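Numbering (our numbering), first residue to last: 996 to 1279.
Cβ coordinates follow ideal geometry from the N, Cα and C atoms, glycine included.
Every value quoted in this text rests on a predicted model; they were computed, and no experiment measured them.
Below is one structure, written out as structure tokens; the observations come after it.
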Amino acid sequence: METHVCCQVKDVSSENEDPGAAPYGNFMNYYTFNPPENRLSLIPPNLLQDLGYSASETVVILDVGCNSGDLSVALYKHLQQESPSAGPGTEGRLHLLGFDLDETLIERAQSTNPFPGNISFIPLDITQDEASRTQLDAYLRTFGRRTFHLIACLAVTMWVHLNHGDAGLLGFLSRLAAVSDHLLLEAQPWKCYRSAARRLRKLGRADFEHFKTLEIRGDMAENAREHLERNCGMELVQSFGSTSWDRKLLLFRKRTEGKQELMTGQEECLSEDIIISSLTDLTI
């Protein structure tokens, strides 16, 4: 799900271009060099049962930065092993919404979607708070919900951070926490930031706008954990280990005592004072 959630992007990088040519992570051929199995091998197929969801309960999942949808579909199948009765075109208990700001990638995901009754793909820019909230809320209302049971945010944080700075990253994490009961997070390590910036320079392109001024550095998974636990009412419940790319796969849940109505939780989590103060608290 290495992709982008920043500004409007219509053209994805060519399959023959250097990865640095995709400054929002919108690689056309991403899953050829990082196939879904790299993550799914770490995620237990009975994850939803482990999280306390019964076999008869409708579960709603959000895939952040879904690219061409390969991992979204693979994740759906992986978790659907608990409920094998749902086949192509049927209405099973598991529903997944994938979004990406690259319209070309979304069109590809829509055209190859084998489970249109259970998986949906939409173009969406989550950094545009009001517009994205409207779309996500509308989807959730179809299931009578205000939060997603599970949000998967895999290899997206770096692109938000590089294109929107420290406050953009923290605001992004806060938005996800506000609309999730559980959050599955894979944050790119700092070495990936340096590699992405180096590729842009190698291509003779302008550097990422915020790269040199970022104050949140170092252990990016730990930085994300600190913000989610200190400011967003979430707690780390499990680490599934590291992918073959040496990226930690972490599972968070909303703390029981912190479970509130969505609007109240979001107002607290997105407080500007909280976000700004976190910049000085996180490990640099």
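For residue i, the residue or residues it bridges with in DSSP
i, result
"F1203", "Answer is none; F1203 lacks a bridge partner."
"E1147", "The amino acid at residue 1147 is misidentified as Glu; the sequence shows Ala. Partner(s): D1058 and L1179."
"N1248", "Correcting the residue identity first, residue 1248 is Arg in this sequence and not Asn. Beta-bridge pairing links R1248 to H1177 and E1230."
"I1101", "Bridge partners of I1101: none, in fact."
"P1118", "D1095"
"K1243", "S1237"
Close Cβ partners of residue i (< 8 Å) along its chain, the five nearest in sequence each way excluded
i, result
"L1135", "V1055, R1141, T1142, F1143 and V1174"
"T1234", "Sequence check: residue 1234 is Ser here, not Thr. Closer than 8 Å at the Cβ level, and outside the excluded window around S1234, lie K1243, L1244, L1245 and L1246."
Which of helix, strand or coil DSSP assigns to residue i
i, result
"Q1183", "coil"
"Q1130", "helix"
"G1093", "strand"
"G1236", "strand"
"F1110", "coil"
"F1022", "strand"
"T1142", "coil"
"E1125", "helix"
"E1224", "helix"
Reference residue i; option with closest CA among the options
i, options, result
"F1206", "L1119, K1186 and K1072", "K1186"
"Y1025", "T1122, G1060 and S1190", "G1060"
"E1204", "G1139, G1160, G1213 and P1184", "G1160"
"G1093", "R1220, H1073, P1118 and K1072", "P1118"
"G1087", "L1096, E1102 and E1052", "E1052"
"H1075", "H1090, S1063 and G1064", "For the record, residue 1075 in the displayed sequence is Gln; it is not His. The shortest Cα separation from Q1075 among H1090, S1063 and G1064 belongs to H1090."
"L1145", "E1224, L1070, N1033 and F1167", "L1070"
"P1018", "A1191, R1220 and L1209", "A1191"
"T1152", "E1181, T1251 and S1036", "E1181"
"N1158", "T1129, K1197 and D1202", "D1202"
"F1022", "K1243, L1100 and S1239", "L1100"
"F1115", "A1104, Q1123 and D1045", "Before going further, note that residue 1115 is Ser rather than Phe in the sequence given. Of the listed residues, the one whose Cα sits closest to S1115 is A1104."
"R1250", "S1036, S1049, L1231 and W1154", "L1231"
Residue-level contact to chain C via CB, residue i, 8 Å cutoff
i, result
"S1175", "Absence of chain C from the displayed structure is noted, only one protein chain being present."
Sequence-distant residues of the same chain with beta carbon closer than 7 Å to residue i, five excluded per side
i, result
"S1127", "L1119, D1120 and I1121"
"D1045", "P1039"
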